[in-house]
Amino acid sequence: MNLKPLGDRVIVKADEAEETTASGLFIASEAKEKPQSGVVLAVGAGKPDKDGNLVPVPVKVGDKVVYGKFGGQEIKVDGEDVLILRADDLYAVFE
5 MNLKPLGDRV IVKADEAEET TASGLFIASE AKEKPQSGVV LAVGAGKPDK DGNLVPVPVK
65 VGDKVVYGKF GGQEIKVDGE DVLILRADDL YAVFE
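Its first residue numbered 5, the sequence shown is counted upward by one per residue in our numbering.
Structure below.
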């Protein structure tokens, strides 16, 4: 991927939407909920605080993250759908 996020932005590849319910029923494509987790593909350098000091983004490439349902901008890069999110839109990192 040749896309470098700026500032405190992060590029995330969203997890695939669930195809079936826990009990094995298939979910119609219109009824699938957008995933709220994914893997970090790229990270910006961070943004300056009020004193001009750079505050780095608290995630790294490869981290699995949880993000807001309506956060970010969906784009297509090299034929792949990805999200550009602000670091503030990230809620947690899976360990």
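Heads up, the beta-carbon is just placed ideally off N, CA and C, and yes, glycines get one too.
Tell me Ala96's beta-bridge partners as DSSP assigns them. Val70
What's the call for Tyr71, buried or exposed, on a 16-neighbour Cβ count within 10 Å? buried
Going by the CB atoms, is the gap between Leu94 and Ala18 shorter than 9 Å? no
Looking only at DSSP bridge pairs, what is Asp12 linked to? Paired residues: none, contrary to the question.
Let me make sure I understand the geometry here. Which of Val97, Gly11 and Gln77 has the alpha-carbon closest to that of Pro52? Gly11
Mark Gly76 as exposed unless 16 or more other C-beta atoms lie within 10 angstroms of its C-beta, in which case mark it buried. buried
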